[in-house]
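Working notes, beginning with the structure itself.
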Amino acid sequence: MVETEVKPDGYTYSFLLNACVKSGMFREGEQVHGRVFANGYCSNILVQTNLVNFYAVGEGVNRVENARRVFDDMHERNVVSWNSLLKGYVKCDDIDRERRVFDEMPERNVVSWTTMVAGLDQVALVSALSACVVLGDLELGRWIHCCGVINEAYEVFKKMPKRKTVSWTTIINGFAKLGRGEEALHVLWTMLSSRMSEESPDEINFIGALCACSHGGLVQDGRHIFKFMTQTLGIKPSIEHYGCMVDLLSHTNYTVVSITTRLETL
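Dropping the structure here:
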């Protein structure tokens, strides 16, 4: 292509850089960067984004610094370039800069959160959960809870001097999503009887508990919880509560009509 009159453009260089990353051809990728510079494409956002990713995922101590230099030269940054730089710091275990980049991101997506959490080991995850409790960083805390460390999360939760409704909800939902219904219900009943909860359970807590019953096939427990919620606490059931109950009762031999009848009698 170089020998013809057809000139490479930003798309060409982006495809080449991406190919170099996938093939592990980092020396060749640096040569492509040289061509980018020589042909005046250093300000092309697509090329710059791929250059950040190229240097961030490569081997070598200075590669993430090269990624940072390209990133700093960008006049316009997107979530992809931010994620690539974040990935670079995760790769070289630079947790301080990793968190700094994460905090500076104007927007975050699933890749951002997953990359951030993937950079932490089990000990660091528990420490991060503790920090989330102290700082009230509920958004990060929820994502960490989803990383399969619910046991560690529960240990941190139990050490909290005061627990807000959102904390209880996070733990209940965490157990529910893992199919550990009995443990989710244990947390709910603990919340109801505990003086360590600053707030009363709300409709969100009961959605998590009913989902736990549904996932675990705990039909009688689910019926009891629904009745307790509506009759004892006076919480008006929403469509989500009814949805959980329909799903729960569908695990039995009830027909659609009998399920409706059952719900009306609860």
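If you count the sequence shown from 1, position 217 lands on 222 in our numbering, and the numbers rise without skipping. In this text, a Cβ means the ideal position worked out from N, Cα and C, and glycines have one as well. Predicted model, so just to flag it, every value in this text is computed and none were measured.
Query: Endpoints, alpha helix (DSSP H) assigned at E208; Result: E208 to G221
Query: Check whether L223 and E187 have beta carbons under 9 Å apart; Result: yes
Query: Pair within 9 Å by beta-carbon distance, V57 and G93; Result: yes
Query: Any non-hydrogen atom of the ligand NAP closer than 8 Å to P166 Cβ; Result: Absence of the ligand NAP is noted for the structure shown, with no ligands found whatsoever.
Query: Assumed close pair G15, V52 - CB separation to whole angstroms, cut-off 8 Å; Result: 5 Å
Query: C-alpha gap between L140 and T235, whole angstroms; Result: Confidence at L140 is low in this model, with a pLDDT of 47, below 50, so the placement of that residue should be treated as unreliable; the coordinate-derived value is given next. Spanning the two alpha carbons is a distance of roughly 34 Å.
Query: Residue closest to K163, alpha-carbon to alpha-carbon, out of N49, E81, E245 and V192; Result: V192
Query: Bounding residues of the alpha helix (DSSP H) (the contiguous stretch that carries T175); Result: T170 to K182
Query: When D98, I209, V37 and N83 are compared against V2, the one with the closest alpha-carbon; Result: Outside the displayed span of the chain (6 to 271) sits residue 2, for which this structure offers no information.
Query: Backbone CA spacing between S198 and P166 [nearest angstrom]; Result: 15 Å
Query: P242 versus M250: straight-line alpha-carbon distance, rounded; Result: 10 Å
Query: Integer-rounded CB distance, given that A189 should sit under 8 Å from A217; Result: 4 Å
Query: Start and end residues, alpha helix (DSSP H) containing S86; Result: V84 to K96
Query: Burial state of P206 (16 or more Cβ within 10 Å); Result: buried
Query: Buried/exposed call for H246, threshold 16 Cβ in 10 Å; Result: buried
Query: Spatial distance of W87 from W173 (CA atoms); Result: 33 Å
Query: Rounded straight-line distance, which links the Cα of T54 to that of K81; Result: Residue identity differs from the one stated: residue 81 is Glu in this sequence, not Lys. Taking the straight line from one Cα to the other gives about 10 Å.
Query: Helix, strand or coil at C47 [DSSP, three-state]; Result: coil
Query: CB contact flag (V84, M110, <9 Å); Result: yes
Query: Limits of the alpha helix (DSSP H) - the one that I244 falls within; Result: I244 to L254
Query: Chain-order list of residues whose beta-carbon lies under 7 Å from that of Y46 (same chain, five-residue window excluded); Result: G15, Y18 and V52
Query: Nearest neighbour of F211, chosen from F59, G221 and I177 [CA to CA]; Result: I177
Query: Euclidean distance between Cα positions of P13 and R168; Result: 59 Å
Query: Outcome for T272 when other beta-carbon atoms lying within 10 angstroms are tallied against a minimum of 16; Result: No information on residue 272 is available, as it lies outside the stretch 6 to 271 that the chain covers here.
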